[in-house]
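A.B. asks:
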């Protein structure tokens, strides 16, 4: 009997004619859509992993943790943890053609909770990350004023201590107090200055507030003195709504729409980064800033905090353990070379982070020279860099409106594609969990996600919302959660599903065994879980505060542990649910293609550690091949 088989264009896998009918059956879920071309996939991945953390976090961590020396722990974590997990998640999505939850259910139902935990992280991001886009829109719209509103102290929101201190203020001496961004009570922020009298004596210290700080705290955030949330800021609510409208129309059609949007959102920020780089390095003081960025301090390598910062930055920057990479990979065709894609994306991501450091520190060096302030008092991280320090530096340039518009447009685009890809990840996970109900109603599903997340995001733009933002940022998609999930991902794939079997799956997809295949295997088996586990243990034993300053509302300490515990408990809870269901809790789905079903799942130094695990269908294949009675009906 002649064997008749067709190739499914969607995934490149062989399917029977009967299976082919399922794709056109109106009673069945629609066939899974695919990327129109490789470029759309690469740009979507780049848009997700290259975001705000590359611009406002990585350069600061380099400066803080020994300059160029920080590259040593950073690249160690990247090569032995970041790249292995990044490739694992992308390949897993491509192999299973499933989203962040069902992909793990397919390879090991017992650990479906790993995927659920990653989606909790995505929910966190969908709720609070887009608030940064609302801030960026607010600043972007206000960049059109003839005089930038954050550059003067003559506005209704300015406090009595607001002073636009510059080098022209002779007799004003800066105290050694850092002015970097602090999430604190509005009455407590500022800088102590001493005024030198003509006789050489000093007057009492005067608390000075820069206009950029005043604008940030009193105009946009309108931070409450009580520490409570209080009322919603209406103008920020409109910006948040606009951000969600933009995000919705970027992805409401799935990869068909988002794949087109990323041609602009993922590439245009590079043009703006390049323009800011050229302008920055030509300014006086740029070399001073770049020196602070790269100057090596070897002694920092003995500080475990440096290694922790390197590890968490890699995980933040590469968007691992969030289900996003799995979701994007699931829209690839089966034979796409995801190995080369991942290597190229990793090179691009880290190169962008390093390049962004030159952009940031060249401008901050110019600011240091213009204001006569030491670099250590200027450098800050996070929103403080993007919305206080950098706007002040740009205001010193000719045509500050143009440079401010350019900068905040870059911030908006960097955050936008990261945001809508996170929404895509959640929508994909839900659709794959309930394909019969949701796949044909995708536009409605994305709308529901947008509306719900918008409503949940409103507390973040209240008068006390910055405190909630800070606690979510510190304890939600935190290094602790990401490291915890990464440990399980590597252990499940390497030790439960089988590293050898997963390598066989990759080889079947891309057509060859990847260079360094053995290195990846032993990373998944030993190196990655060990490094992630050790860093996780250090995080848990160390102390982390919601904020580094003197005032933090008490309620933040009460809710902070919940943001960390919720993703963690998903894994054991769903494991117990799977155990109660009974059979097949570690058996992969029978519809997953296995090219060597009778080979060991795991060998270490040529010793069989885990024997083959055959599904009933594959077991029949092996038995029939053994008896020589193979027929095409199997």
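Numbering (our numbering), first residue to last: 83 to 716. Using N, Cα and C, we set each Cβ at its ideal position, and we do this for glycine too.
(1) Taking 8 Å as the cut-off, does the stretch 149-161 touch the stretch 390-399 (at least 3 CB pairs, one atom from each stretch)?
(2) When DSSP builds the beta bridges, which residues end up paired with residue 544?
(3) Could you tell me the boundaries of the beta strand (DSSP E) in which residue 478 lies?
(4) Would you check if the stretch 181-191 and the stretch 489-502 touch, i.e. whether three or more CB-CB distances between them fall below 8 Å?
(5) List the whole-angstrom C-beta distance separating residue 216 from residue 322, where the pair is believed to meet the contact cut-off of C-beta under 8 Å.
(6) Taking Cβ to Cβ, would you say residue 138 is nearer than 8 Å to residue 468?
(7) Under 8 Å, do residue 167 and residue 535 count as touching if we go by C-beta distance?
(8) How about residue 569 and residue 504: do their beta carbons lie closer than 8 Å?
(9) For residue 205, tell me which candidate among 532, 164, 136 has the shortest Cα-Cα distance.
(10) Would you call residue 178 buried or exposed, if buried means 16 or more other Cβ atoms sit within 10 Å of its Cβ?
(11) Do residue 690 and residue 682 come within 8 Å of each other at the CB atom, strictly closer than that value?
(12) Report yes or no: do three or more beta-carbon pairs, one from the stretch 122-131 and one from the stretch 402-413, lie closer than 8 Å?
(13) For residue 461, which of 122, 114, 134, 141 has the nearest alpha-carbon?
(14) In three-state terms, what does DSSP make of residue 691?
(15) Pick helix, strand or coil for residue 455, following the three-state DSSP scheme.
(16) Considering only residues of the same chain and omitting the five flanking positions on each side of residue 457, which have a CB-CB separation below 6 Å?
(17) Within 8 Å, do at least three Cβ pairs link the stretch 539-553 to the stretch 372-388?
(18) In its own chain, which residues sit with a C-beta less than 6 Å from the C-beta of residue 557, not counting the 5 before and 5 after it?
(19) Exposed or buried, residue 356, counting other C-beta atoms within 10 Å across all chains shown (16 or more means buried)?
(20) If residue 388 sits next to residue 152, beta carbons under 8 Å apart, how far is it from one beta carbon to the other, in whole angstroms?
(21) Would you be able to state if there are at least three C-beta pairs under 8 Å between the stretch 213-231 and the stretch 590-604?
(22) Rounded to whole angstroms, what is the Cα-Cα separation between residue 597 and residue 311?
(23) For residue 244, write down the residues that DSSP places opposite it in a beta bridge.
(24) To the nearest angstrom, how far is the alpha carbon of residue 444 from that of residue 220?
(25) Residue 341 and residue 118: beta carbons closer than 8 Å?
(26) Check whether the stretch 403-410 and the stretch 507-517 are in contact - that is, three or more C-beta pairs closer than 8 Å.
(27) Secondary structure at residue 597, three-state DSSP: helix, strand or coil?
(28) Helix, strand or coil, according to DSSP, for residue 132 in the structure here?
(29) Taking contact to mean 3 or more Cβ pairs, one atom from each stretch, closer than 8 Å, check whether the stretch 544-564 and the stretch 142-150 are in contact.
(30) Nearest to residue 427 by alpha carbon, out of 674, 348, 473?
(31) If you measure between the beta carbons of residue 343 and residue 548, is that distance less than 8 Å?
(32) Helix, strand or coil for residue 526? Go by DSSP, reduced to three states.
(33) Quick check on the DSSP output: the beta strand (DSSP E) that includes residue 623 runs from which residue to which?
(34) What is the DSSP secondary structure of residue 460, counted as helix, strand or coil?
(35) Could you name the residues of the same chain whose beta carbon sits closer than 6 Å to that of residue 101, not counting the 5 residues immediately before and after it, in chain order?
(36) Helix, strand or coil: which one does DSSP assign to residue 685?
C.D. replies: In short, the structure shows the following:
(1) yes
(2) 314
(3) No beta strand (DSSP E) holds residue 478; DSSP gives it neither H nor E.
(4) no
(5) 4 Å
(6) yes
(7) no
(8) no
(9) 532
(10) buried
(11) yes
(12) yes
(13) 141
(14) strand
(15) coil
(16) 374, 450
(17) no
(18) 642, 645, 646
(19) exposed
(20) 7 Å
(21) no
(22) 53 Å
(23) 291
(24) 25 Å
(25) yes
(26) yes
(27) coil
(28) coil
(29) no
(30) 348
(31) no
(32) helix
(33) It is not in any beta strand (DSSP E) - residue 623 instead sits in the alpha helix (DSSP H) that spans 610-623.
(34) coil
(35) At residue 101 the pLDDT is 37, less than 50, meaning the model places this residue with poor confidence and gives no usable figure here.
(36) strand
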